[in-house]
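Everything on this sheet refers to the single structure shown next.
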Amino acid sequence: MKSLIKNTMPLLVLLGALHAGDEARIGTSGANQLLVPVGARGVAMSGSDLVYSHGVESAYWNPAGLSRLENATVLASQMTMFGDVSVNYFGAGSKFGSTGAVSLTVKSIDMGDIPITTVEAMDGTGSTFTPNMTTMALTYANAFSDKARFGISVKSITESIPRASASAIALDAGVQYENLNDIEGLGIALALKNIGTDMHYEGSGLTTMASEDNLEDFYNVESSYDKLPSTFDMAVSYKVAGATLAATYTSHNFRYDDLALGAEYELMDMVYLRGGMSLPQLEDDSSQKDEVLGGVNFGAGLKYDLFGTKLLLEYTYRSQKYFDGNSLVSLSIGL
4 MKSLIKNTMP LLVLLGALHA GDEARIGTSG ANQLLVPVGA RGVAMSGSDL
54 VYSHGVESAY WNPAGLSRLE NATVLASQMT MFGDVSVNYF GAGSKFGSTG
104 AVSLTVKSID MGDIPITTVE AMDGTGSTFT PNMTTMALTY ANAFSDKARF
154 GISVKSITES IPRASASAIA LDAGVQYENL NDIEGLGIAL ALKNIGTDMH
204 YEGSGLTTMA SEDNLEDFYN VESSYDKLPS TFDMAVSYKV AGATLAATYT
254 SHNFRYDDLA LGAEYELMDM VYLRGGMSLP QLEDDSSQKD EVLGGVNFGA
304 GLKYDLFGTK LLLEYTYRSQ KYFDGNSLVS LSIGL
């Protein structure tokens, strides 16, 4: 097991180095829905704690955290964004003894009904359409020992509008290591996410009719093959006196890098108070300084044992620069 850990961590570091931040590529990736965060705890802490990430939501932040599941657990959450846009997240997971833990999660972005316009009816046809943006993930995680954990997710990404759609397959992998150098509460984590196939739109909606000299012909408009927005996370966390202090550096392959800082305070294993912020790692002459949208996040959770069923109700507020803040409500039921 120790040799496997030693081999896994350098491999993730090496792969992550291939995805260094590049501001020049902002807006050129596909499936940016993958970067929309989920999970009340993770969002409140701005994604800073990948070391002690746990529960079903850890399938998004660091698959290794799923190994911390103690019971069969069901999770449902919704985050309101701007306008009519909301993010729905559902998942279920369970631990199967020494075999490990498995979960199935679904993230769906609801954009509401959008009016259909055409060249002939620029004010609208009277009909609407609803885009589909969905990510499904099957996650497996296990513990090497009482200090080390690993996890992997296989994800199916789909996007569609009427008569055109795109899909891709991606992998996430992560490790967690606690009590580093025998320091109680100190841990590190690595996570490599969204490594997969390109997004490529196809469908009859990309077919166009050409007419010349009373002759009609049809041709397809070839869409681009867009890379997924891969990320590589390096995290460190420290637990002391009921508090968790965390930091994560995220390297992006299609935008600037981020440094996330966060903290959580646990009171009597029942009440949780959280906060976090993300600091963009921009060059002094960067043109993206006015495009940074995030701010300070905060949230709280309440855990209650009801007749042997563990209920966890959580709320998170995610501030935004140019839009109203996002509100996230989550309910987790441990059976």
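Residue numbers (the working numbering): 4 to 338.
Glycine included, each C-beta is placed from N, C-alpha and C at the ideal position.
All figures in this text were calculated on a predicted structure; none of them were measured in a lab.
First through last residue of the alpha helix (DSSP H) which encompasses residue i
| i | result |
| --- | --- |
| Ala47 | Ala43 to Ala47 |
| Ser61 | Ser61 to Trp64 |
Beta-carbon proximity list for residue i, same chain, < 8 Å, skipping 5 on both sides
| i | result |
| --- | --- |
| Phe99 | Val105 |
| Val224 | Leu209, Thr210 and Thr211 |
| Ser49 | Ala263, Leu264, Gly265, Gly279, Met280, Ser281, Gly297 and Asn300 |
| Asp229 | Thr31, Ser32, Gly33, Ala34, Asp201, Met202 and His203 |
| Ser89 | Gln81, Met82, Thr83, Ile112 and Asp113 |
| Asp272 | Lys306 |
Residue i and residue j closer than 8 Å at C-beta
| i | j | result |
| --- | --- | --- |
| Ile155 | Pro232 | no |
| Thr131 | Ile112 | no |
| Ala246 | Glu267 | yes |
| Gly94 | Ala146 | no |
| Thr312 | Gly337 | yes |
| Thr142 | Leu38 | no |
| Ala75 | Ser97 | yes |
| Glu162 | Asn135 | yes |
| Phe85 | Phe326 | yes |
| Gly103 | Ala169 | no |
| Leu305 | Thr319 | no |
| Asp342 | Thr133 | Nothing can be reported for residue 342: it is not among the residues displayed for the chain, which extend from 4 to 338. |
| Ser335 | Gly129 | no |
| Thr138 | Gln36 | yes |
Paired residues, beta bridge with residue i - DSSP
| i | result |
| --- | --- |
| Phe301 | Gly278 and Tyr320 |
| Ile29 | Looking at the DSSP assignment, Ile29 forms no beta bridge with any residue, so it has no partner. |
| Leu189 | Tyr241 |
| Leu141 | Leu107 and Val157 |
| Ala146 | Arg152 |
Range of the contiguous beta strand (DSSP E) that encloses residue i
| i | result |
| --- | --- |
| Tyr268 | Asp260 to Leu270 |
| Val239 | Thr234 to Val243 |
| Ser130 | No beta strand (DSSP E) holds Ser130; DSSP gives it neither H nor E. |
| Asp113 | Ala104 to Asp113 |
| Ser156 | Ala151 to Ile164 |
| Tyr252 | Ala246 to His255 |
| Tyr92 | Ser89 to Lys98 |
| Gln36 | Counting along the chain, Gln36 falls outside any beta strand (DSSP E), and DSSP gives it neither H nor E. |
| Ala173 | Ala167 to Tyr180 |
| Ser101 | Segment: none, Ser101 is in no beta strand (DSSP E) and carries neither H nor E. |
| Ala79 | Thr76 to Thr83 |
| Val332 | Asn329 to Gly337 |
Cβ neighbours of residue i in the same chain (closer than 6 Å, five flanking residues each side left out)
| i | result |
| --- | --- |
| Asn91 | Gln81 and Ser111 |
| His22 | Here the model assigns His22 a pLDDT of 47, short of 50, so the residue's position is not dependable and the matter cannot be decided. |
| Thr200 | Ala171 and Ile172 |
| Ser333 | Ala43, Ser80 and Glu317 |
| Arg277 | Ala47, Met48, Glu267 and Gly302 |
| Val54 | Gln179, Gly190, Ala192, Ala238 and Ser240 |
| Ser207 | Arg166 |
| Asp175 | Pro66, Ser156 and Lys196 |
| Leu248 | Tyr241 and Ala266 |
| Phe153 | Ala67 and Val178 |
Supposed contact pair residue j and residue i - C-beta distance, whole angstroms, cut 8 Å
| i | j | result |
| --- | --- | --- |
| Leu189 | Asn182 | 7 Å |
Neighbourhood of residue i by C-beta, 7 Å cutoff - its chain only, sequence neighbours within 5 removed
| i | result |
| --- | --- |
| Glu60 | Val41, Gly42, Arg44, Gly45 and Leu78 |
| Thr121 | Thr128 |
| Asp220 | Ala213 |
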